[in-house]
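Heads up, the thing below is written out as C-alpha cells.
Residue numbers (the numbering used here): 11 to 189.
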C-alpha cells in the first residue's frame, strides 16, 4: 500500500485515490458527491421530523405524543448536524424533505381520518418511515466517505436502527392490544 511505504508526503496520491478506499465501495471523490449523500440524509431527517410531528398531532395517546415529540426533536438535531457537515464540505443544505415523505405524511393523515385503528395505524406508518430511514443510512454507509463523514453516518445509522426497533416494538404492542 502506497501509504505504508516511505514516500514523501508531496509525492503521495491524494486521499481520494482509489487505493485509499476499501474494495467494494464506490468512491465519493469530490465534495459534491459527499454533499449529495449528506443532503439525501438531510431530506430524510426533515421527513422524519415532519412525520413525527403529524403523528403527535394525530394520536390520542399521551405516551405516543411524548415519544413522537422527542423523535421530532431528535430528527431536528440530526438535521442541524447534517446541515453543518454539508456546509463544511462547501454545500448548500436542503431545507425540505422529499416528495416521498410528503406522500407518506398525507397517507398517515388519510388513515387516521377514516378511523383506521388510530394508534396502530400511526405506528405502522412510523415504522414504514423508519424502514426508509434505515435504508438510506445503509445506502450512505456503502459510500466511501471521508473519515469524519463516515463516522457521523455510522453513528446516525446506529441511531436510526435503534429508533426503528423501538417503533416496531411499539407497533407490535399496539397490535397485540388491538386483539
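C-beta atoms are modelled at their ideal positions from N, C-alpha and C, and glycine is treated no differently.
Counted within 10 angstroms of its Cβ, other Cβ atoms place residue i as buried (16 or more) or exposed
{"i": "residue 184", "result": "buried"}
{"i": "residue 129", "result": "buried"}
{"i": "residue 80", "result": "exposed"}
{"i": "residue 136", "result": "buried"}
{"i": "residue 67", "result": "exposed"}
{"i": "residue 146", "result": "buried"}
{"i": "residue 161", "result": "exposed"}
{"i": "residue 175", "result": "exposed"}
{"i": "residue 5", "result": "Residue 5 falls outside the range modelled here, since the chain spans only 11 to 189, and no answer is possible."}
Extent of the continuous alpha helix (DSSP H) run through residue i
{"i": "residue 102", "result": "First-last for residue 102: undefined, no H or E at that position."}
{"i": "residue 68", "result": "41-68"}
{"i": "residue 152", "result": "Residue 152 -> no alpha helix (DSSP H), and no H or E assigned at all."}
Beta-carbon contacts of residue i that lie in its chain and below 6 Å, excluding the five residues immediately before and after
{"i": "residue 99", "result": "41, 44, 45"}
{"i": "residue 62", "result": "78, 81, 82"}
{"i": "residue 167", "result": "147, 151"}
{"i": "residue 177", "result": "136, 137, 140"}
Contact with chain B by residue i, beta-carbon distance below 9 Å
{"i": "residue 47", "result": "Going by chain labels, chain B is absent from the structure shown, which holds only one protein chain."}
Other residues of its chain near residue i: CB distance less than 7 Å, five sequence neighbours each side excluded
{"i": "residue 182", "result": "none"}
{"i": "residue 134", "result": "181"}
{"i": "residue 104", "result": "49, 52, 53"}
{"i": "residue 76", "result": "none"}
{"i": "residue 38", "result": "No answer about residue 38 holds up, because its pLDDT of 43 lies below 50 and its placement is not dependable."}
Supposed contact pair residue j and residue i - C-beta distance, whole angstroms, cut 8 Å
{"i": "residue 59", "j": "residue 86", "result": "5 Å"}
Contacting residues, own chain, Cβ-Cβ under 8 Å from residue i (five flanking each side not counted)
{"i": "residue 164", "result": "151"}
Q: Check whether the stretch 87-94 touches the stretch 149-159, taking contact to mean three or more Cβ pairs, one atom from each stretch, closer than 8 Å.
A: no
(Q) Between the stretch 68-77 and the stretch 45-57, can you find at least three pairs of beta-carbon atoms closer than 8 Å? (A) no
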